[in-house]
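In my numbering, the protein residues as written are 3 to 266. Where is the CB? At the ideal position from N, CA and C, for every residue including glycine. Quick caveat, the model's predicted, so the values are computed rather than measured. Heads up: the structure comes next, in structure tokens.
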Amino acid sequence: MYTQRTAVAALALCALAACGTEKGTPGSNNPAEPDVPLAGTGWTVDSVSAAGAVRKAPAGAGIAFEKGRLNGSSGCNHFSAPVTVKDDTVTVGAATSTLIGCPKNLQSYETALRKTLTGKLSVHLSGGKLTLRTAKGDSVTLTRKPAERPAPLVGTAWKVDALTDGASVSTLPRGTAGTARLTFAKDGSVRGNLGCNRVSGMAKVTDSTLTFGPLTTTRMMCKTPAMTLERHLLKALHGPVRYGIQHRTLTLTAHDGTGIRATA
3 MYTQRTAVAA LALCALAACG TEKGTPGSNN PAEPDVPLAG TGWTVDSVSA AGAVRKAPAG
63 AGIAFEKGRL NGSSGCNHFS APVTVKDDTV TVGAATSTLI GCPKNLQSYE TALRKTLTGK
123 LSVHLSGGKL TLRTAKGDSV TLTRKPAERP APLVGTAWKV DALTDGASVS TLPRGTAGTA
183 RLTFAKDGSV RGNLGCNRVS GMAKVTDSTL TFGPLTTTRM MCKTPAMTLE RHLLKALHGP
243 VRYGIQHRTL TLTAHDGTGI RATA
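Below, the structure written as structure tokens:
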């Protein structure tokens, strides 16, 4: 009941280094040194300039450079992609994206973004502005967000917004967006909604692992999409699972690679 799409284009990521325009010392064997570390930073997308047209990004469009990946939102769909960096150039790898039907004007912006951010991109940094530019001169302009602490696991209301399977990200079943939520308490309990039934139980935190004890749920019968989501969540919330928090995004990953993504 849900779909997934592998997109060719995505935004660029400097995983362990930083990107900049400073050149190496003439005559030396040292590569150009990046100006600012991108790992762990967040950026707001300002605009996309492609084919002679400038498209302003919608509210909510932004990216976060994380460990080995870039996660972000176009303002409609979410995406994730790996990239490599060398000197002042980033090379975009294959990306995964949710597949939500967007308004025509927003779809036009997403298409321009997808076409622009692919292959080798030069990096230009000026103050708090970052520009990623293609060889043809098309570009994406971003503004750095103020540093923020990651949302805490305990006490945060986490809204499930995507299903994961390895590197792929899928939208929720049709009509279930915003229905599934989880909250972890100081006493080790977890409560929430699975998209259909309410759920409660215990979850022990150890380093980067959450170990769920037996969970109890109400027993309502719902429409097929909601039940599909519920089955996926119950699978993800079983036994020990790996968890991670980047900024305001929580990921839970089971031993078989399947899991969920939630936003604070």
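Reduced DSSP category for residue i - H, G, I as helix; E, B as strand; rest coil
| i | result |
| --- | --- |
| ASN79 | coil |
| HIS249 | coil |
| ASN1 | This structure leaves residue 1 out entirely; the chain is present only between 3 and 266. |
| ASP90 | coil |
| LEU184 | strand |
| LEU134 | strand |
| THR158 | coil |
| ARG151 | coil |
| LEU101 | coil |
| ARG200 | strand |
Cβ-Cβ distance between residue i and residue j below 8 angstroms
| i | j | result |
| --- | --- | --- |
| SER124 | ARG116 | no |
| MET222 | ASN195 | no |
| VAL207 | VAL142 | no |
| VAL162 | ALA182 | yes |
CA-to-CA distance, residue j to residue i, given in whole angstroms
| i | j | result |
| --- | --- | --- |
| ALA20 | TRP45 | Per-residue confidence for ALA20 stands at a pLDDT of 36, beneath the threshold of 50, marking its modelled position as unreliable; the derived number appears in the next sentence. Their backbone Cα atoms lie some 14 angstroms apart in a straight line. |
| THR211 | ARG244 | 5 angstroms |
| LEU155 | GLY54 | 45 angstroms |
| GLY270 | THR43 | Because the chain spans 3 through 266 in this model, residue 270 falls outside it and cannot be assessed. |
| HIS240 | GLY157 | 21 angstroms |
| MET204 | ALA159 | 16 angstroms |
| THR260 | SER82 | 16 angstroms |
| PRO84 | THR218 | 38 angstroms |
| SER202 | SER191 | 7 angstroms |
| ALA256 | VAL56 | 42 angstroms |
Endpoints, alpha helix (DSSP H) assigned at residue i
| i | result |
| --- | --- |
| ASN195 | Segment 191-196 is the beta strand (DSSP E) holding ASN195; no alpha helix (DSSP H) there. |
Delimiting residues of the beta strand (DSSP E) encompassing residue i
| i | result |
| --- | --- |
| THR113 | Element bounds for THR113: not the beta strand (DSSP E) but the alpha helix (DSSP H), 106-118. |
| ARG57 | 55-58 |
| GLY168 | Unbroken run through GLY168: none, as it is neither H nor E. |
| ALA264 | 260-265 |
| GLY64 | 64-67 |
| HIS126 | 122-128 |
| GLY44 | 44-52 |
Fully enclosed by the region 202-250, which beta strand (DSSP E) runs are 3 residues long or longer?
-> 211-214 and 241-248
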